[in-house]
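Accompanying notes for the structure given below.
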Amino acid sequence: MRTPVVMTLGMVLAPCGLLLNLTGTLAPGWRLVKGFLNQPVDVVLYQGLWDMCREQSSSERECGQPDQWGYFAAEPVLVARPLMVTSLATTVLGLLLASLGVRCWQDTPHFALAGVSGLVLFVAGLLSLIPVSWYNHFLGDREVLPAPASPVTVQVSYSLVLCYLGSCLLLLGGFSLALSFAPWCEERCRRCRKAPSAGPRRSSVSTIQVEWPEPELAPAIKYYRDGRHRPPPAQPRKAKVGFPMPRPPPKAYTNRVDVLDGEGAEASSSCNTEPYHSSLPCDSDL
1 MRTPVVMTLG MVLAPCGLLL NLTGTLAPGW RLVKGFLNQP VDVVLYQGLW DMCREQSSSE
61 RECGQPDQWG YFAAEPVLVA RPLMVTSLAT TVLGLLLASL GVRCWQDTPH FALAGVSGLV
121 LFVAGLLSLI PVSWYNHFLG DREVLPAPAS PVTVQVSYSL VLCYLGSCLL LLGGFSLALS
181 FAPWCEERCR RCRKAPSAGP RRSSVSTIQV EWPEPELAPA IKYYRDGRHR PPPAQPRKAK
241 VGFPMPRPPP KAYTNRVDVL DGEGAEASSS CNTEPYHSSL PCDSDL
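Numbering (UniProt numbering), first residue to last: 1 to 286.
This is the structure we're talking about:
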């Protein structure tokens, strides 16, 4: 059996979402801070969930910068850390269930297990989307997410974008795998319909079968054991109702005049008087 399209799509999108979330969680790039006073113009500061890095175009990136404003103690950062780790662990569990359900080494996929893996991946996408959306909502609030005062500016960095994309891919992949419940439910309904009922079925008018007797027809020829056949027995005629009407006898017509009288005399005279009849035989010639 060919792997359904929804399963193939889920198995492609879910690993991509896991990779993007893992990169966005570990990389220090959730927020970009730049425009520091008494600093070169090209100096930027990348803030993440676990680390903070300083970068300048003329030098290499330096990570492990001290937290001078209490950024790591902010509530969005503290909530995002466990949620992102939980999302990564849930994604791994969902992919493990999906690999068992999509039949990598079986002939027929396990639709129920694939549907459960889709639900797990969908939950993993929600677990990563919640902290990302919350962090992005308070990105410019310097009271919730501490940052130096103006003219320092804060912007969205690449890690937050990667986590957004990874969360969306997990949601799509989980929803696609969850559609595997449709064939499983259809099969279950078909089995329930075919299964016999436990108690006696109540009779109804629609289930009564009426057998009408077939009319007995006398055969035209009846065969017996000796191989001979006999016609069907004659049935008695029905008596006619009424009185017979008298019929006149048939009339006979006779001709009293012999039409052959005088034929001989006329024939002899014609032979003597008409020469053109010489070719006809006459009585004298006979």
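Cβ coordinates follow ideal geometry from the N, Cα and C atoms, glycine included.
Legend entry - Pro40 and Ser159 closer than 9 Å at C-beta: Position 40 of the sequence shown, counted from the start, is the residue given in the question as residue 40. Position 159 of the sequence shown, counted from the start, is the residue given in the question as residue 159. Cβ atoms of Pro40 and Ser159: not closer than 9 Å.
Legend entry - Within 9 Å, strictly: CB atoms of Ala14 and Thr90: The residue given as residue 14 occupies position 14 in the sequence shown. The residue given as residue 90 occupies position 90 in the sequence shown. No, they are not a contact pair.
Legend entry - Thr108: first and last residue of the uninterrupted beta strand (DSSP E) it sits in: For the purposes of this step, residue 108 is identified with residue 108 of the sequence shown, where counting begins at 1. No beta strand (DSSP E) holds Thr108; DSSP gives it neither H nor E.
Inset, instruction - Look up Glu60 in the DSSP assignment and say whether it is helix, strand or coil. - result: On the sequence shown, position 60 is the one that residue 60 refers to. The answer is coil: DSSP assigns Glu60 none of H, G, I, E or B.
Legend entry - Proximity below 9 Å, CB of Ser167 to CB of Ser128: To locate residue 167, count along the sequence shown from 1; it is residue 167. To locate residue 128, count along the sequence shown from 1; it is residue 128. It is a contact, given that the beta carbons lie within the stated cut-off.
Inset, instruction - Return the chain-ordered list of same chain residues with a C-beta closer than 7 Å to the C-beta of Tyr164, the five sequence neighbours on each side being excluded. - result: What you label residue 164 is simply residue 164 of the sequence shown in a count that begins at 1. These residues qualify, in order along the chain: Val132.
Inset, instruction - Given a cut-off of 9 Å, decide if Gln155 and Arg2 are closer than it, judged by their beta-carbon atoms. - result: Indexing the sequence shown from 1 puts residue 2 at position 2. Indexing the sequence shown from 1 puts residue 155 at position 155. Pairing Arg2 with Gln155 gives a Cβ-Cβ distance that is not under 9 Å.
Inset, instruction - Confirm, please, whether the CB-CB distance from Leu145 to Tyr135 is below 9 Å. - result: Taking the first residue of the sequence shown as 1, we reach residue 135 at position 135. Taking the first residue of the sequence shown as 1, we reach residue 145 at position 145. Yes, Cβ-Cβ distance for Tyr135 and Leu145 is below 9 Å.
Inset, instruction - May I have the straight-line CA-CA distance separating Leu18 from Pro151, to the nearest angstrom? - result: By 1-based counting over the sequence shown, the position of residue 18 is 18. By 1-based counting over the sequence shown, the position of residue 151 is 151. C-alpha of Leu18 to C-alpha of Pro151: approximately 37 Å in a straight line.
Legend entry - Sequence-distant residues of the same chain with beta carbon closer than 7 Å to Pro250, five excluded per side: In the sequence shown, residue 250 corresponds to position 250, counting from 1. Once the five neighbours on either side are set aside, Pro250 has no close Cβ partner at all.
Inset, instruction - Go to Leu171, then tell me how far its alpha helix (DSSP H) extends in each direction, as first and last residue. - result: Taking the sequence shown and counting its residues from 1, the one referred to as residue 171 is at position 171. Its alpha helix (DSSP H) spans residues Tyr158 to Ala178.
Inset, instruction - Helix, strand or coil for residue 297, going by three-state DSSP, please let me know. - result: As shown, the chain starts at 1 and ends at 286. That puts residue 297 outside it, with no answer to give.
Legend entry - Euclidean distance between Cα positions of Val33 and Leu97: One-based indexing of the sequence shown puts residue 33 at position 33. One-based indexing of the sequence shown puts residue 97 at position 97. So the alpha carbons of these two residues sit roughly 41 Å apart.
Legend entry - According to DSSP, residues forming a beta bridge with Leu32: For this step, residue 32 is matched to residue 32 along the sequence shown. Leu32 pairs with Tyr46 and Gln155.
Legend entry - Whether Leu88 touches Thr25 by CB criterion (9 Å): Taking the sequence shown and counting its residues from 1, one reaches residue 88 at position 88. Taking the sequence shown and counting its residues from 1, one reaches residue 25 at position 25. With contacts defined by Cβ atoms closer than 9 Å, Leu88 and Thr25 form a contacting pair.
Legend entry - Helix, strand or coil at Glu143 [DSSP, three-state]: Here residue 143 corresponds to residue number 143 of the sequence shown, with the count starting at 1. Here Glu143 sits in coil by DSSP.
Inset, instruction - Give the straight-line distance between the Cα atoms of Gly70 and Pro109, rounded to the nearest whole angstrom. - result: Position 70 of the sequence shown holds residue 70. Position 109 of the sequence shown holds residue 109. Approximately 51 Å, taken between the alpha carbons.
Inset, instruction - Along the beta strand (DSSP E) that carries Glu55, what are the first and last residues, could you check? - result: Here residue 55 corresponds to residue number 55 of the sequence shown, with the count starting at 1. Start and end: Met52 to Glu55.
Inset, instruction - Pull up the distance between the alpha-carbon of Gly174 and that of Ser59, whole angstroms please. - result: Locating residue 174 in the sequence shown gives position 174, counting from the first residue. Locating residue 59 in the sequence shown gives position 59, counting from the first residue. Using only the alpha carbons, I get a separation of about 43 Å.
Inset, instruction - Grab me the residues of Gln56's own chain with a C-beta within less than 6 Å of its C-beta, minus the 5 sequence neighbours each way, in chain order. - result: Within the sequence shown, numbered from 1, the residue matching residue 56 stands at position 56. Within the same chain, Gln56 has close Cβ partners Asp42 and Val43.
Inset, instruction - Verify whether the separation of the beta carbon atoms of Met11 and Leu177 is less than 9 Å. - result: As a working mapping, residue 11 is identified with position 11 in the sequence shown. As a working mapping, residue 177 is identified with position 177 in the sequence shown. Cβ atoms of Met11 and Leu177: closer than 9 Å.
Inset, instruction - For Thr153, collect the residues of the same chain with a Cβ closer than 7 Å to its Cβ; drop the 5 residues on either side in sequence, then sort them by chain order. - result: Working through the sequence shown from its first residue, we reach residue 153 at position 153. Cβ within range, chain order: Lys34 and Gly35.
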